[in-house]
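Asker: My numbering applies: residue 5 is where the sequence shown begins, and numbers increase by one. Input: one structure, supplied below.
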Amino acid sequence: MYRIIFFITVFISVCGCSANPQLPEIPDPKNISDNYNQLLGTWEIEFNSDLLEATIIPNRELSAHYNVLSLIPTPILTINSFDPITKILDVDVSISNPFAMSAYDIRGVLFTDNFGHTLIDPDGLTDLFDPPVGDDINPFMAYGKNNPNREFPAFYTESQNYKVYIPADGPVNYMIEGSWPGNCPEPYSMENFIQTPGLTNSVGSQSHLDVDILDWQNNVDSVSINAFEITNELESQFTQMSAESWGIDLTNNTGLAAGDYSCLISSTSSDSASLAQYKYVTVNVAEDSGKAKWSFLVYLHESNLGQFALQDINEMEVVGSIDGEMNVIVLWDKEDNPNDIILKIAKDPNGNHPNIISPTVDDFGEVIPPGGLDMADGVTVERFLRWAIREYPADHYALDFWDHGDGPFSLVPERGFVKSVCQGLQMWEIRDACQAVLNENPGLDRLDFIGFDACLMAWLETGYCLRNVTYAGLGSEMLEPGNGWHYTPFLQNMHDNIQTYTCNELCTDIVNSYLDSAYNGDTLSSWRSDYLVDNVIPALNDFSTQLISAVGTNRSAIRTCYNQADDWGDSCRDVEIKDLGYFAQRISGASSLPTSLRNSATSLINSIDGAMIHHDHNGGGSGCSADETGWQIWFPDDYNAVWWSSYRSDYVRLEFTDTLWEEWLGIFDS
């Protein structure tokens with residue numbers, strides 16, 4: 005691997021009455037084995053803040069004493085604005101590759117200095133160069149980000165926008181570097197930083213952080229964060245969550261005051277030697293509200309599952325609530341019994357005992373009307389959630405829907421699209437009810453968790469519909485056994501670690517405890533809404549576009565992949581259900597299909613993997629359960645205008661028509 009270094013040293017000075025400052029020394033690159041470093045050109049650029057003009061003067065004093073102008077063209081600067089109040093220069097920098105060969109991972113590095121020049125919102129920071137002044141790591145903007153493999157082809161030109169803080173007169177040292185003949189050995193990008201709520205100014209409070217680390221060789225070996233003010237540790241290590249995603253539970257060990265804090269994440273790979281990729285992220289420390297840490301709310305529609313409802317409430321009573329810290333609240337609609345009640349779960353001194361000992365809570369008719377509960381009505385969800393948030397305020401809220409659940413199904417002669425839980429409660433009704441309550445509670449953007457202790461609810465359509473009302477979702481791709489989740493283990497973990505317990509821990513604990521006690525072949529998936537929106541949906545849209553483009557001449561090969569993807573209908577009542585990731589795996593592995601389609605399938609697989617907090621199937625399962633990747637999707641294989649019209653109306657209400665998947669279905673089915 006050789007690395008060509010395009011040293012374009014650009015000096016930007018704010019002109020007034022001051023004379024040109026002395027040029028700083030050009031820094032030397034780090035000594036990296038197999039790197040070939042060549043100085044190709046330097047320029048001095050004077051910026052006139054009054055005229056918004058830049059004068060570019062070639063500097064011919066090169067150690068090699070040859071005419072650099074014949075090797076690399078002068079960068080083109082387009083000055084958009086300069087704010088004399090904020091001292092922010094907005095400039096587009098266009099660079100060209102004059103050579104008949106490609107370079108990769110081109111980065112425009114702006115060196116820090118003693119003047120305080122700063123690149124605002126860079127793509128990342130690198131320690132490849134160590135200038136004699138300023139910091140050891142320096143910010144950059146990346147070029148070719150939208151090109152495959154970030155290639156900067158022969159004779160290619162691209163512009164990137166820079167916003168540079170220029171506090172005073174003084175040179176800014178700028179350099180272009182790239183890799184040849186292949187990609188860089190170190191991680192090339194950090195993306196999708198997410199912080200869950202929970203970190204406050206109280207000692208011991210905790211948030212979960214997630215970040216994606218992109219590396220061409222897929223051998224990232226270390227990711228850490230310097231959040232010393234918060235943790236009192238120089239470095240805190242992340243744990244790898246999936247192929248690209250890394251996570252950490254960050255704890256406030258110092259009692260740091262509420263506010264936003266800039267923290268530095270670094271990452272290395274086994275190929276990058278001492279080189280690292282860096283990025284500053286903002287970590288929020290919230291004001292401790294003095295509320296409970298968690299309120300776990302159960303929306304329990306007994307239906308014909310009465311014995312299992314009693315079992316699960318008994319499991320909850322093994323742990324109970326903690327006054328002021330942990331509330332477990334159950335809205336219980338009893339089967340064929342008008343005496344619907346609300347329970348605040350108390351700890352049973354006899355453990356898992358068949359008698360229910362938890363006290364009932366009087367809602368004074370606010371939640372339970374005189375005629376009893378209608379759990380299939382979104383108004384009931386709204387009333388319960390509004391009441392529970394007011395009566396049991398907490399830093400974190402989990403909402404668990406307990407009952408039968410179903411997804412799309414196509415039993416002849418009836419055919420349509422139905423997605424519901426609790427005997428007809430639709431996803432859009434849950435979404436609208438939650439959104440109405442969230443709108444009434446400033447500062448509460450989303451619930452931490454919405455889960456379904458019910459069958460067949462792990463659909464991408466489910467996650468997308470609820471994306472704006474919950475940070476995390478959870479459901480099963482398969483049928484659940486009657487006793488559903490195993491409540492004691494995860495509530496016990498919440499109880500024992502209440503000050504630091506995170507949403508990611510809740511999701512992981514529910515999945516693990518369920519599969520430990522479930523039957524062979526059962527599945528459970530938990531996912532992150534932000535990642536779904538930012539990564540999975542764009543990847544799905546690209547995948548859909550590539551399928552549409554390829555199907556004309558590749559229909560048979562795509563149909564083969566469709567048939568190879570397991571029919572979940574064997575146990576899920578619907579042969580038109582496919583695990584989305586597993587179908588993408590079949591496409592990715594089909595060598596006869598176009599490369600662009602296969603690459604888009606791989607990107608979709610990686611995005612699904614990154615979105616999953618935790619998913620698994622019980623050991624011993626076979627068929628579709630063993631092939632699960634976390635989400636099902638509606639995937640009919642024939643077209644009928646009558647049922648399609650009905651089906652589409654529900655897709656509209658789920659908002660899944662925002663995606664391009666529907667367009668692909670129309671072409672595939674026709």
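Beta carbons are placed, not taken as given, at the ideal position from N, Cα and C, and that holds for glycine.
(1) What are the residues that DSSP puts in a beta bridge with Leu-301?
(2) List, from N- to C-terminal side, the beta strand (DSSP E) runs of 3 residues or more that fit wholly inside the stretch 485–560.
(3) Just list the beta strand (DSSP E) runs in the stretch 97–161, keeping only unbroken ones of 3 residues or longer that don't cross its boundaries, in chain order.
(4) In or out: Val-227 buried (at least 16 other Cβ within 10 Å) or exposed?
(5) Going by the CB atoms, is the gap between Glu-481 and Gln-636 shorter than 8 Å?
(6) Taking Cys-267 as part of the beta strand (DSSP E), name the residues at either end of that continuous run.
(7) What residue range does the beta strand (DSSP E) around Thr-200 cover?
(8) Going by the DSSP bridge assignment, what does Asp-457 pair with across the sheet?
(9) Bridge partners for Lys-582 per DSSP, in chain order?
(10) Give a yes or no on whether the C-beta atoms belonging to Ala-231 and Val-287 are separated by under 8 Å.
(11) For Ile-349, does the count of other Cβ atoms within 10 angstroms reach 16, so buried, or fall short, so exposed?
(12) When the Cα of Leu-218 is compared with those of Asn-236, Glu-248, Thr-161, which residue comes out closest?
(13) With the cut-off set at 8 Å, would you say Leu-279 and Glu-190 are in Cβ contact?
(14) If I'm right that Ser-273 touches Met-616 with Cβ under 8 Å, what's the distance once you round it to whole angstroms?
(15) How is the beta strand (DSSP E) around Ser-85 delimited, first residue to last?
(16) Got a sec, what are the start and stop residues for the alpha helix (DSSP H) Glu-248 sits in?
(17) Please return the same chain residues whose Cβ sits closer than 6 Å to the Cβ of Glu-319, not counting the five positions on each side in sequence.
(18) So Val-540 and Ile-454 are in contact, right, with Cβ under 8 Å, and what is the actual spacing, rounded?
(19) By alpha-carbon positions, which one of Pro-542, Asp-641, Arg-559 ends up nearest to Phe-675?
(20) What does DSSP give as the partner residues of Glu-190 in its beta bridges?
(21) By a C-beta neighbour count over all protein chains shown, 10 Å radius and 16 as the cutoff for buried, is His-400 buried or exposed?
(22) Is the CB-CB distance between Gly-477 and Trp-531 below 8 Å?
(23) Report the residue from Asn-610, Glu-370, Asn-151, Thr-243 whose alpha carbon sits nearest the alpha carbon of Asp-538.
(24) So is Tyr-655 in contact with chain D if we call contact Cβ pairs under 8 Å?
(25) Would you mind working out which of His-305, His-357, Tyr-396, Asp-352 sits nearest Gly-409, comparing C-alpha positions?
(26) Determine, using beta carbons only, whether Pro-79 and Ile-110 come nearer to each other than 8 Å.
(27) Buried or exposed: where does Glu-57 fall if 16 or more other Cβ atoms within 10 Å of its Cβ makes it buried?
(28) Skipping 5 residues on each side, what residues in its chain have a beta carbon closer than 7 Å to that of Leu-664?
(29) Return helix, strand or coil for Gly-310, following the three-state DSSP convention.
(30) Using C-beta distances below 7 Å, list every residue in its chain close to Glu-386, excluding the 5 sequence neighbours before and after it, in chain order.
(31) If you draw a straight line from the C-alpha of Lys-167 to the C-alpha of Pro-88, how long is it?
(32) Specify, as a first and last residue, the run of the beta strand (DSSP E) that Val-227 falls within.
(33) How far does the beta strand (DSSP E) with Gly-670 in it reach, from first residue to last?
(34) Under 8 Å Cβ to Cβ from Asp-449, same chain only, skipping five residues before and after it: list those, please.
(35) Can you give me the C-alpha to C-alpha distance between Pro-141 and Asn-205, rounded to a whole angstrom?
(36) Is Met-675 helix, strand or coil when you go by DSSP?
Answerer: Inspection of the coordinates gives the following:
(1) Ile-333, Leu-403
(2) 527–532
(3) 107–114, 128–130, 142–146
(4) buried
(5) yes
(6) 263–273
(7) From DSSP, Thr-200 is part of no beta strand (DSSP E); its letter is neither H nor E.
(8) Trp-406
(9) Ile-637
(10) yes
(11) buried
(12) Glu-248
(13) yes
(14) No, Ser-273 and Met-616 are not in contact; Cβ-Cβ is about 23 Å, not under 8 Å.
(15) 80–87
(16) That residue, Glu-248, is in no alpha helix (DSSP H); it is neither H nor E in DSSP.
(17) Tyr-491, Thr-492
(18) Going by Cβ atoms, the distance from Val-540 to Ile-454 rounds to 17 Å, so no, they are not a contact pair.
(19) The requested residue 675 is not part of the displayed model; the chain covers only 5 to 674.
(20) None, per the DSSP bridge assignment.
(21) buried
(22) yes
(23) Asn-610
(24) Here there is only one protein chain, and chain D is not present.
(25) His-305
(26) no
(27) exposed
(28) Asn-545, Ser-548, Thr-549
(29) helix
(30) Ala-437, Ala-440, Val-441
(31) 13 Å
(32) 224–230
(33) Counting along the chain, Gly-670 falls outside any beta strand (DSSP E), though it belongs to the alpha helix (DSSP H) covering 665–673.
(34) Leu-442
(35) Checking the displayed sequence, the identity of residue 141 turns out to be Ile instead of Pro. The straight-line gap from Cα to Cα measures roughly 30 Å.
(36) The shown model of the chain, from 5 to 674, leaves out residue 675, and the question about it has no answer.
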